[in-house]
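These notes concern the structure reproduced below.
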Amino acid sequence: MIYKRDYIMDNLFNEVVALAKRRGFIFPSSDIYGGLANTWDFGPYGTLLKNNLRDLWWQNFILERDDMVGVDASIFLNPKVWEASGHVSNFTDALIDCKNCKYRTRADHLIEENLKDIKVEGLPVEELTKIIKENKLKCPKCGAIDFTQVRRFNLLFETHVGIVEESKSKVYLRGEIAQGIFLNFKNVTDTTRVKIPFGIAQQGKAFRNEITLGQLVHRTLEFDLMEFEYFIRPEKWEDTYEYWKEKMWQWAKNLGIKEKNLRWREHEEFERSHYSKKTMDIEYNYPFGWKEMFGIAYRTDFDLKNHSKHSGKDLSYMDPDTGEKYIPHVIEPTFGLSRLAGIVLFDAYSKDKDRTVLKLNPKIAPVKAAVFPLLANKKELVDKAKKVHEKLKEKIFPIQFDNRGNIGKRYYYQDEIGTPFCVTIDFDTLKDDTVTVRDRDTAKQERIKIEALVDYIRSKIS
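Per my numbering, the sequence shown runs over residues 339 to 800.
As structure tokens, this is what we get:
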């Protein structure tokens, strides 16, 4: 039974990866040069999907609330920021090399892939080395049982700024986007009318020198994050933590992700980040196992306190009503955008004997509707289809026009990219201005008046 399930899940993973490339969602980066490990490019439909997820997140958590503001901080920060935040000394992974073929991988992943029942996150390198040696784990590439000692390496990417070689200064690509928020805490409170409790949000790129192969966009060198720091009074942290847990869970469900594929898991003390007093993940049941999707951390006053100390700037908050002055505590909900785009592909993937369908929530579907002429060689049908296409584009987007191949192939193409509705212009359309609307999930069709088409589709995708 275990073998059968592994076979099915491996097949699912391979099929989704193949679909993602075939239909323009996700491509291996630098593919014509042999690729680059842990890097991926989002294609035309993947970009639309990712942007839809980002915009819905921003609307739900920032625009629709009165206690949220947004910032867009620089990717490059003064290197002292990362020293003060603890990332230079604490932001590490466990690395191991095969002595025979020089293959490099993460020690915790090597153990998890071979010893399913062992939890290794946060274990000391000595313990990881001992587990690998005692269980005689083999190199995934060459099969040798001859590894180096496990050692820690920092996940921050280093680079240099300056145009003169000898005067260049070392900086880091940001390993998280939170620090730009903390650095702007005083700027935000000085220039807006926010009052605690309130949040500062942003979305953008982050970079981590991680080694994780074969998991598509789950964990990559470069990725998009969406997160906010919610500033509170210290005594309010537990209630606020539970409040945001509920909001995060509900948003995942609202995206259409199957609840059976979601669960909460709390980090044990040894695996929590150095800044966190409590961390929990919403995990998703990938074909390769349960992995983190969203996370929520109670960062206490760690960041503001340390930046106050190291910068010499007062980052405390003055309550405008009571005059009380204190350093706020922080609840941090984090959402991996690149990762989420991959998750919804796995979750929406459906296959039967006749077709493959991405049953995406219409809100996040890359294309909302496609318009076809029944026959591509009948000018009157093509002309009418183009008029309907233009009419829909004025109110709903993206809308596709397609007259390639036979109509069956067009349906299957739209099913595979997750388009909720296909609108077909046929000979009856020329007589009574009605069209056939086909539902992606059920493949059922109904006749709709052209004048009612915009309202019909809007009602289904909102």
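All residues carry an ideal CB built from backbone N, CA and C; glycine is no exception.
Predicted model, so just to flag it, every value in this text is computed and none were measured.
### Message
If you follow the beta strand (DSSP E) that Ile669 is in, where does it begin and where does it stop?
### Response
His667 to Gly674
### Query
Using 8 Å as the threshold, is the stretch 436-446 in touch with the stretch 625-636, meaning 3 or more CB pairs across them?
These segments do not touch.
### Message
Does Val499 pass the burial test, meaning 16 or more other C-beta atoms within 10 Å, or should it be called exposed?
### Response
exposed
### Query
What first and last residue would you give for the beta strand (DSSP E) that runs through Pro489?
The sequence as given places Arg at residue 489; Pro does not occur at that position. Its beta strand (DSSP E) spans residues Arg489 to Asn492.
### Query
Going by other Cβ atoms of all chains shown within 10 Å of its Cβ, with 16 needed for buried, is Glu784 buried or exposed?
exposed
### Query
Around the C-beta of Ala572, are 16 or more other C-beta atoms found within 10 angstroms, so that it is buried, or is it exposed?
Contrary to the premise, residue 572 reads as Pro rather than Ala in this sequence. It is exposed - the Cβ of Pro572 has fewer than 16 other Cβ atoms within 10 Å.
### Task
Can you tell me the Cβ-Cβ gap for Pro824 and Ile570, rounded? I've got them flagged as a contact below 8 Å.
Here the chain has residues from 339 to 800 only, and residue 824 is not among them.
### Query
Candidates Ser676, Thr672, Asp652 and Leu675: which alpha carbon is nearest Ile665's?
Asp652
### Task
Leaving aside the five residues before and after Ile400 along the sequence, list all residues of the same chain whose C-beta is less than 7 Å from its C-beta, in chain order.
These residues qualify, in order along the chain: Met406, Gly408 and Ala539.
### Query
With DSSP run on the structure shown, which of helix, strand or coil describes Ser553?
The question names Ser, but residue 553 is Gln in the sequence shown. Coil at Gln553, not helix or strand.
### Task
Identify the continuous alpha helix (DSSP H) that holds Tyr579 and give its terminal residues.
Trp575 to Asn592
### Query
How is the beta strand (DSSP E) around Phe759 delimited, first residue to last?
It spans Phe759 to Ile763 - the beta strand (DSSP E) in which Phe759 sits, taken as one unbroken run.
### Query
Which residues mark the beginning and the end of the beta strand (DSSP E) in which Thr617 is found?
Segment Lys616 to Tyr624, the beta strand (DSSP E) holding Thr617.
### Message
The beta strand (DSSP E) that contains Pro366, what's its start and end?
### Response
Ile364 to Pro366
### Task
Give the straight-line distance between the Cα atoms of Ile475 and Gly552, rounded to the nearest whole angstrom.
Going by the sequence as given, residue 475 is Leu instead of Ile. Those two C-alpha atoms are separated by around 19 Å.
### Query
Among all the DSSP beta bridges, which residues are the ones paired with Trp378?
Pro366
### Query
What does a CB cutoff of less than 7 Å around Arg489 pick up in its chain, not counting 5 residues either side in sequence?
Within the same chain, Arg489 has close Cβ partners Leu433 and Val463.
### Query
Where does His556 land, buried or exposed, given buried means 16+ other C-beta within 10 angstroms?
buried
### Query
Buried or exposed: where does Asp404 fall if 16 or more other Cβ atoms within 10 Å of its Cβ makes it buried?
exposed
### Task
Throw me the rounded Cβ distance for the Phe773 and Thr767 pair, which I believe falls under 8 Å.
According to the sequence shown, residue 773 is Val rather than Phe. Your pair Val773 and Thr767 checks out as a contact, with CB atoms roughly 5 Å apart and the cut at 8 Å.
### Query
DSSP on Ala358, reduced to helix/strand/coil?
helix
### Task
Hey, could you find the ends of the alpha helix (DSSP H) Ser649 is sitting in?
Secondary structure note for Ser649: its alpha helix (DSSP H) is the uninterrupted segment Phe640 to Ser649.
### Task
Helix, strand or coil for Gly660, going by three-state DSSP, please let me know.
Contrary to the premise, residue 660 reads as Thr rather than Gly in this sequence. Thr660: coil per DSSP, three-state reduction.
### Query
On the three-state DSSP scale, how would you describe Ser654?
coil
### Task
Could you tell me the boundaries of the alpha helix (DSSP H) in which Tyr794 lies?
Counting along the chain, the alpha helix (DSSP H) containing Tyr794 begins and ends at Leu791 to Ile799.
#### Entry: Anticipated Cβ contact below 8 Å, Ser564 with Arg392, distance rounded
As written in the sequence, residue 564 is Met, which differs from the Ser given in the question. Yes, Met564 and Arg392 are in contact; Cβ-Cβ is about 6 Å, under 8 Å.
### Query
Quick one: what's got a C-beta closer than 8 Å to Ser649's C-beta in the same chain, skipping five residues either side?
The beta carbon of Ser649 is closer than 8 Å to those of Lys418 and Ala422 in its chain, skipping five residues each way along the sequence.
### Task
Going by CA-CA distance only, name the one from Thr385, Lys689, Asn352 and Phe485 that's closest to Ala445.
Minimum Cα distance to Ala445 is reached at Phe485.
### Message
Taking the straight line between their C-alpha atoms, what separation do you get for Lys440 and Leu559?
### Response
20 Å
### Query
Could you give the distance in angstroms between the alpha-carbon of Ile799 and the alpha-carbon of Pro700?
Approximately 5 Å between the Cα atoms of the pair.
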